[in-house]
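From first to last, the protein sequence lines stand for chains A and B. Once you know that position 70 of the first sequence is 70 in this note's numbering, the rest is easy, because the numbers rise by one and skip nothing. Once you know that position 6 of the second sequence is 299 in this note's numbering, the rest is easy, because the numbers rise by one and skip nothing. Note that the Cβ used here is the ideal one computed from N, Cα and C, for glycine as well. Predicted model, so just to flag it, every value in this text is computed and none were measured.
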Amino acid sequence: MAAPAPPLSSLYTLSFLLALLTTLAVIASLRLLAILPSNTQTKPLKSRWRPTRVMIVLGSGGHTHEMFYLLRDLDTRKYTHRTYVVSSGDAFSASRAAEFEKELERRGKEDNLRQQDVEIPQIVIGAKRDVAGIERSNDEEKRRACTGPENYDIATVPRARRIHQSILTTPFTSLLTLLSCFKPLLTAQAIHPDRPPQDVYEASARDLPDLIITNGPATAVIVILASLALKFFDIRGANSRGKCKAIYTESFARVKTLSLSGKILLRLVDRFVVQWEELEGKGGKAEFWGILV
Amino acid sequence: MAEVTLEQGSKVCFVTTGATAPFIALIEAILKPTSIDALKDAGYTHLLIQYGTAKHVYDDRIYDARMRYRSEADQGTLHIDGFDFNSDGLKDQFKLVQDSKGVVISHAGSGSILEALRHQVPLIVVPNTALLDNHQDELAIAMEKSGYLLKGDIIQLSHSIKKAEDFRKRMTQFPPVTSGKHRETKSFAAIMDETMGFLD
Chain A
1 MAAPAPPLSS LYTLSFLLAL LTTLAVIASL RLLAILPSNT QTKPLKSRWR PTRVMIVLGS
61 GGHTHEMFYL LRDLDTRKYT HRTYVVSSGD AFSASRAAEF EKELERRGKE DNLRQQDVEI
121 PQIVIGAKRD VAGIERSNDE EKRRACTGPE NYDIATVPRA RRIHQSILTT PFTSLLTLLS
181 CFKPLLTAQA IHPDRPPQDV YEASARDLPD LIITNGPATA VIVILASLAL KFFDIRGANS
241 RGKCKAIYTE SFARVKTLSL SGKILLRLVD RFVVQWEELE GKGGKAEFWG ILV
Chain B
294 MAEVTLEQGS KVCFVTTGAT APFIALIEAI LKPTSIDALK DAGYTHLLIQ YGTAKHVYDD
354 RIYDARMRYR SEADQGTLHI DGFDFNSDGL KDQFKLVQDS KGVVISHAGS GSILEALRHQ
414 VPLIVVPNTA LLDNHQDELA IAMEKSGYLL KGDIIQLSHS IKKAEDFRKR MTQFPPVTSG
474 KHRETKSFAA IMDETMGFLD
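(1) Between A/252, A/156, A/206, A/293, which lies nearest to residue 309 of chain A when the distance is taken from Cα to Cα?
(2) Between the Cα of residue 259 of chain A and the Cα atoms of A/87, A/244, A/81, A/215, which residue gives the shortest distance?
(3) Which residues share a DSSP beta bridge with residue 55 of chain A?
(4) Taking 7 Å as the threshold (beta carbon to beta carbon), is residue 224 of chain A in contact with chain B?
(5) Just to make sure I have the definition right: I need the residues of chain B whose C-beta is within less than 8 Å of the C-beta of residue 252 of chain A. Which are they?
(6) In chain A, which residues lie with their C-beta within 8 Å of the C-beta of residue 375 of chain B?
(7) Would you mind sorting residue 241 of chain A into buried or exposed? The rule is 16 or more other CB atoms within 10 Å of its CB.
(8) Please report the distance separating the alpha-carbon of residue 464 of chain B from that of residue 100 of chain A.
(9) Any idea what DSSP makes of residue 200 of chain A, helix, strand or coil?
(10) Name the chain B residues that come within less than 8 Å of residue 271 of chain A, Cβ to Cβ?
(11) Counting Cβ pairs, one atom from each stretch, are 3 or more of them under 8 Å apart for the stretch 64-77 of chain A and the stretch 227-239 of chain A?
(12) Grab me the residues of residue 130 of chain A's own chain with a C-beta within less than 6 Å of its C-beta, minus the 5 sequence neighbours each way, in chain order.
(13) Return the residues of the stretch 314-343 of chain B that lie within a Cβ-Cβ distance of less than 8 Å from chain A, sorted by chain order.
(14) How many Å lie between residue 442 of chain B and residue 433 of chain B at the Cα?
(15) Which term fits residue 345 of chain B, buried or exposed, when burial requires 16 or more other beta carbons within 10 angstroms of its beta carbon?
(16) Whether or not the stretch 254-271 of chain A and the stretch 231-239 of chain A are in contact is what I'm after, with contact meaning three or more pairs of Cβ atoms, one per stretch, closer than 8 Å; do they touch?
(17) Starting from residue 252 of chain A, trace the beta strand (DSSP E) in both directions and tell me its first and last residue.
(18) Return yes when the Cβ of residue 155 of chain A is within less than 7 Å of the Cβ of residue 222 of chain A, no when it is not.
(19) Just the chain B side, please: which residues come within less than 8 Å of residue 283 of chain A by C-beta, in chain order?
(20) Would residue 163 of chain A be called buried (16 or more neighbouring beta carbons within 10 Å of its own) or exposed?
(21) Can you look up residue 108 of chain A in the DSSP assignment and give me helix, strand or coil?
(22) By a C-beta neighbour count over all protein chains shown, 10 Å radius and 16 as the cutoff for buried, is residue 356 of chain B buried or exposed?
(23) Note the first and the last residue of the continuous alpha helix (DSSP H) segment covering residue 339 of chain B.
(24) If you measure beta-carbon to beta-carbon, which residues of the stretch 448-470 of chain B are closer than 7 Å to chain A?
(25) By DSSP, does residue 168 of chain A sit in helix, in strand, or in coil?
(26) Which residues in chain B sit within 9 Å of residue 65 of chain A, going by Cβ to Cβ distance?
(27) Which residues, taken in chain order from the stretch 172-183 of chain A, show a beta carbon closer than 7 Å to some beta carbon of chain B?
(28) Does residue 310 of chain B come within less than 7 Å of chain A when only Cβ atoms are used?
(29) Which of the three DSSP states is assigned to residue 515 of chain B in this structure?
(30) Between residue 390 of chain B and residue 416 of chain B, is the Cβ-Cβ spacing less than 7 Å?
(31) Between residue 170 of chain A and residue 219 of chain A, what straight-line distance do the alpha-carbon atoms span, to the nearest angstrom?
(32) Can you give me the start and stop residues for the alpha helix (DSSP H) that residue 262 of chain A sits inside?
(33) Between residue 479 of chain B and chain A, is there a C-beta pair that is closer than 7 Å?
(34) Could you work out which residues of chain B lie near residue 210 of chain A, taking near to mean beta carbons separated by less than 9 Å?
(35) Around the Cβ of residue 52 of chain A, are there at least 16 other Cβ atoms within 10 angstroms (buried) or fewer (exposed)?
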């Protein structure tokens, strides 16, 4: 005789709850393994030019200084929209970002002028141009320097931990920071938010970032965690479309040991870059290409 | 702050002690007789000190220093001046040093190091041993090993001032050129492009 079906009340037993939690934990770990970047360096695939949104996480004085040294050769024809993430009350970082964009704008204008100069002789030898040449020039045309207020935004998130804040309340303020990171991740702040995107540039700015660039501040850890949550649930194709790739650069001041942010992010970012040879290979991952700042 | 106008033949030593916690021991060290003698011997005409919030220390020591040189009747050969902060950064001061082929003596904060080195000036970095942060010391040692700067200490600052004369001829260029040397190097822009697959 078959055993009678267990009564419905067995769903509330401790063992059932444990079984359910274990199953969920296994599923979650498998998903995490799938979304986390692997340690083995794969050769990057060559991809065609497309408008690209990059998110730059700024922190307190030193980190912000180093970040702008890192970004000194930023090409606005490739990285067409920039979102700077700053902590509330950090007026210094916000003004440095605006200053940096002014400089990019000046450089972009010079670049565009120079491009016009170069194109003049091309018209003269126009007869010699083949199909490939024309295609290339079309591509070049698309690659205009993208500067000015419509090509960047500054997103403010609450500070994760104020100086002298109690360690007990830090998890709560960090959670608040985490939640407020989703909005700037999902879209850049548009100048005309009610209007649908007018071109590919605007469409890319209103999409998830293609690349996240961080160094040591606490906010960086939280932004990366938020981007992993988006990848975990593949929100707006964060994972399937290969969005939110992350590069972490350890501070130039770190010679022998990683910072706390570095230790946390070592296994969570796509590329982990150190600036002193002694740190090369940390976590089977840290890359060293010389001093970058 | 007091402006320093440079005449022909001037040579400036600029000392910066940091914006956050003033590095009192460094102010004291540079105003010691041995340091001032070393500066005079090396032909310096101006000593400019950014003392931050430690004006009282600067005022005390400068009084002592002036008293000493008054008696030796050679007062005036080294002009000493100081200021607290400059909201526009320290570019003007670094430029003075650069133009006069002088020297910068700095606390070991990475921001100051990076800014000073970009002006291609000989730099003496003095780690603040009172801070319980040995990263400053590690950074200064590693940077000295690479030939970018001289690591000094508050006890023997005059030695570093003497060494700086020879060092200015053989110091390594900063930022390093992103090519050649003993191994492959890359710029950060190249690392970004590689990650995105933008390979030209």
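Put simply:
(1) Nothing can be reported for residue 309 of chain A, as the shown portion of chain A is limited to 1 through 293.
(2) A/215
(3) A/83, A/212
(4) no
(5) 403, 407, 432
(6) Result: empty, since nearest Cβ-Cβ is about 23 Å, beyond 8 Å.
(7) exposed
(8) 30 Å
(9) helix
(10) Result: 484, 488.
(11) no
(12) Interpretation of residue 130 of chain A is limited by its pLDDT of 45, a score under 50 that renders its predicted location unreliable; the figure taken from the coordinates is listed afterwards. Cβ within range, chain order: n/a, list empty.
(13) When CB distances to chain A are screened at a threshold of 8 Å, not a single residue of the stretch 314-343 of chain B falls below it.
(14) 8 Å
(15) buried
(16) Taking 8 Å as the limit for Cβ pairs, the verdict is that the stretch 254-271 of chain A does not touch the stretch 231-239 of chain A.
(17) Neither: residue 252 of chain A is in no beta strand (DSSP E) and is coded neither H nor E.
(18) no
(19) Under the 8 Å cutoff, chain B gives no residues; its nearest Cβ is about 17 Å from residue 283 of chain A.
(20) Answer is exposed; the Cβ neighbour count stays below 16.
(21) helix
(22) exposed
(23) Careful: residue 339 of chain B lies outside any alpha helix (DSSP H), inside the beta strand (DSSP E) at 339-343.
(24) 468, 469
(25) In this structure, DSSP gives residue 168 of chain A a state outside helix and strand, which the three-state scheme calls coil.
(26) Those are 403, 404, 407, 408, listed as they occur along chain B.
(27) none
(28) Answer no: the Cβ-Cβ gap between residue 310 of chain B and chain A never drops below 7 Å.
(29) Residue coverage of chain B in this structure runs from 294 to 493, which leaves residue 515 of chain B outside it and unanswerable.
(30) For residue 390 of chain B and residue 416 of chain B, no; Cβs fall outside 7 Å.
(31) 13 Å
(32) 260-265
(33) yes
(34) 489
(35) buried
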